[in-house]
Amino acid sequence: MINASITVMDQNEKPLANQSVTITQTNHKFLFGTAAFDTVPLANGEYTGAALEKAEQLAQNLLQLCNAATLPFYWGLFEPQRGASHTEPLKRAARWCLDHNLNTKGHPLCWHTMTANWLLQLDNAAILQAQKDRIKREVNDFRGLIDMWDVINEAVIMPIFDKYDNGITRICKHNGRIQTIKTVFETTRAENPSAVLLINDFETSPAYDILIEGCLEAGIKFDVIGIQSHMHQGWWGLEKTHEILERFSRFNLPIHFTETTLVSGQLMPPEIVDLNDYQVADWPSTPDGEERQAREVIQHYETLFSHPLVEGITWWDLQDGNWLNAPAGLIRRDGTTKPAYDELLKRVKGEWWLPATQMTTDASGLLQLSAFAGDYEISFNGQQQAFKLEKNTANPVITLKSDV
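For the sequence shown, the numbering used here assigns the number -12 to the initial residue and increments by one for each residue that follows.
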């Protein structure tokens, strides 16, 4: 919450004294996001009939709750044959997101899982060059549409990943984690210096913050630390959440919870180490599970939203049955919203939102506003003026185009 002193001026730069104005919030600065992979077929006209109606309803639910979206750039799917990339379909999805005022992130530029199989035909030097070329192409092709990237994903286990051979693990093992991270970040930064760049990992153990510390000591610049919180085996609880926040806050960098999951059905057995190993044909959402999910979603979001360094949370993802066939969505398979969605919406567009509010300036044209960081609009005499409320600009001066 920001306590702001706002000075309102008329078009002649004189204080708008003792006048009634209306202030309305139009967006959060905090990123309430979701994996928005379903927007790719929607934006490319791949749905028809009942499937189209369902996709459009899902999109409406997304836009009502979220102001941020993550689009898929898994190399093995994006460029399954060398030189045959799926750039245009992703561009159409990115434009759809931009047209609907979603702050869009690409995920990921470098990852050992779901990477391109054709890399295995190359030697290490050629793999590294292909990775750099891939970064340059995507960052340039999507500049202005996507200016936020998960640059590298799950680097903690990258050089020791042994489920199957892949080109990215090869070069990470050969060059080392920190040098690999340095290369991909420097390549990305050179192509779009103003982009927001994340390191992202599911590891929340000290191994991750030790890696981050080593990267910072090596001069690697992160804009955001990405932390995954897939809780298929149960909510972390307040103690673990606060411990993780405290540990990663020592870097004094913005934090995004990039992949957040709580299921509304049976919990995954605790003995499962790699979540991908749990494959079941039927994993239904249950009434008791939905009640638990709603309660834990709100506790988790309230904890993160109140932390000064956390700037975004991405749900993974909006509807049941996607990753791992889990009941991990905020929306059921039939398109109806769960209690977790409804309760979260009450916070995002209710408790944490400023509706149209009438306020009166004092004799100096000053008014006091307590609200969350974000985009706002002030209205007077039929004229509107947009302004931003941020921690470092808590005392804005707003000039209206209208006189009394």
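For every residue, glycine included, the Cβ atom is placed at its ideal position computed from N, Cα and C.
Q) Tell me the DSSP bridge mates of Ser366? A) Looking at the DSSP assignment, Ser366 forms a beta bridge with Thr9 and Gln371.
Q: Name the two residues that bound the continuous alpha helix (DSSP H) containing Ala38.
A: Run containing Ala38: Gly36 to Leu52, per the alpha helix (DSSP H) assignment.
Q. If you count every other CB in all the chains shown that lies within 10 Å of the CB of Val267, and 16 or more means buried, which is it?
A. Exposed.
Q. Hey, how far is the Cα of Ala315 from the Cα of Glu230?
A. Approximately 24 angstroms, taken between the alpha carbons.
Q | Under 7 angstroms between C-beta atoms of Leu305 and Thr57 | A | Not a contact, by the Cβ cut-off of 7 angstroms.
**Q.** Length of the line joining the Cα atoms of Arg69 and Thr100
**A.** In this structure, the alpha-carbon of Arg69 lies about 17 angstroms from that of Thr100.
Q: Would you mind reading off the limits of the alpha helix (DSSP H) that contains Pro383?
A: Careful: Pro383 lies outside any alpha helix (DSSP H) and carries neither H nor E.
**Q.** Pair within 7 angstroms by beta-carbon distance, Thr175 and Val126
**A.** A contact, by the Cβ cut-off of 7 angstroms.
Q: Counting only the same chain and skipping the five closest in sequence on each side, list residues whose C-beta sits under 7 angstroms from that of Pro257.
A: A distance below 7 angstroms between beta-carbons, with the five flanking residues on each side excluded, links Pro257 to the following residues of its chain, in chain order: Gln220.
Q | Rounded separation between Gln(-2) and Ile385 - CA only | A | Straight-line Cα distance between these residues: approximately 10 angstroms.
Q: Count the other C-beta atoms from every protein chain shown that fall within 10 angstroms of the C-beta of Tyr195, then say buried if there are 16 or more, exposed otherwise.
A: Burial call: buried.
Q | Three-way DSSP call (helix, strand, coil) for Ser236 in this model | A | In the structure shown, Ser236 falls within a helical segment according to DSSP collapsed to helix, strand and coil.
Q) Smallest Cα separation from Pro271: which of Glu190, Ile214, Gly252 and Leu49? A) Comparing alpha carbon positions, the residue from Glu190, Ile214, Gly252 and Leu49 closest to Pro271 is Gly252.
Q | Closest residue to Gly369 among Lys1, Pro2, Val8 and Ala(-9) (Cα-Cα distance) | A | When each option's Cα is compared against that of Gly369, the closest is Val8.
Q. Is the CB-CB distance between Ser317 and Tyr328 below 7 angstroms?
A. In the sequence as presented, Ser is not what sits at residue 317; that position holds Leu. Yes, the Cβ-Cβ distance between Leu317 and Tyr328 is below 7 angstroms.
Q.
On the DSSP bridge list, what partners appear for Ser216?
A. Per DSSP, Thr247.
**Q.** Cβ-Cβ separation, Thr247 to Thr290 (assumed contact under 8 angstroms), whole Å
**A.** So it is not a contact: roughly 12 angstroms between Cβ atoms.
Q | Beta-carbon proximity check, Met346 vs Ile114, cutoff 7 angstroms | A | No, these two residues do not count as a Cβ contact at 7 angstroms.
Q: Could you tell me which of Asp86, Ile285, Met135 and Leu107 sits nearest to Gly224, measuring between CA atoms?
A: The shortest CA-to-CA distance from Gly224 to any of Asp86, Ile285, Met135 and Leu107 is the one to Ile285.
Q: Count the CB pairs spanning the stretch 143 to 161 and the stretch 208 to 215 that are closer than 8 angstroms, and state whether there are at least three.
A: No: the two stretches stay apart, fewer than three of their Cβ pairs being nearer than 8 angstroms.
Q.
Tell me which residue opens and which closes the beta strand (DSSP E) that Glu(-10) is part of.
A. With the sequence shown as reference, residue -10 is identified as Asn, and Glu is not the correct amino acid for it. Residue range Ile(-11) to Met(-4) is occupied by the beta strand (DSSP E) that includes Asn(-10).
(Q) Would Glu190 and Val143 be called neighbours here (beta carbons separated by less than 7 angstroms)? (A) Between Glu190 and Val143, the C-beta spacing is below 7 angstroms.
Q. Do you know how far the Cα of Phe374 is from the Cα of Ile214?
A. Taking the straight line from one Cα to the other gives about 31 angstroms.
Q) Counting Cβ pairs, one atom from each stretch, are 3 or more of them under 8 angstroms apart for the stretch 48 to 67 and the stretch 75 to 93? A) The stretch 48 to 67 is in contact with the stretch 75 to 93.
Q. Thinking C-alpha only, which one of Leu64, Ser366, Asp321 and His94 is nearest Pro342?
A. Among Leu64, Ser366, Asp321 and His94, the Cα nearest to that of Pro342 is on Ser366.
Q) Among residues of its own chain, excluding the 5 on either side of Asn179, which ones have a beta-carbon nearer than 7 angstroms to its beta-carbon? A) Val126, Arg130 and Asp134, listed in sequence order.
Q: With DSSP as the reference, please indicate the residues paired to Lys92 in a beta bridge.
A: By DSSP's assignment, Lys92 forms a beta bridge with Thr57.
(Q) On a Cα-Cα basis, can you pick out the residue from Gln371, Trp222, Tyr363 and Thr170 that is closest to Gln12? (A) Closest option to Gln12, Cα to Cα, is Tyr363.
**Q.** Ile158: first and last residue of the uninterrupted beta strand (DSSP E) it sits in
**A.** For Ile158, no beta strand (DSSP E) run applies; the uninterrupted alpha helix (DSSP H) run containing it begins and ends at Gly154 to Asn162, by DSSP.
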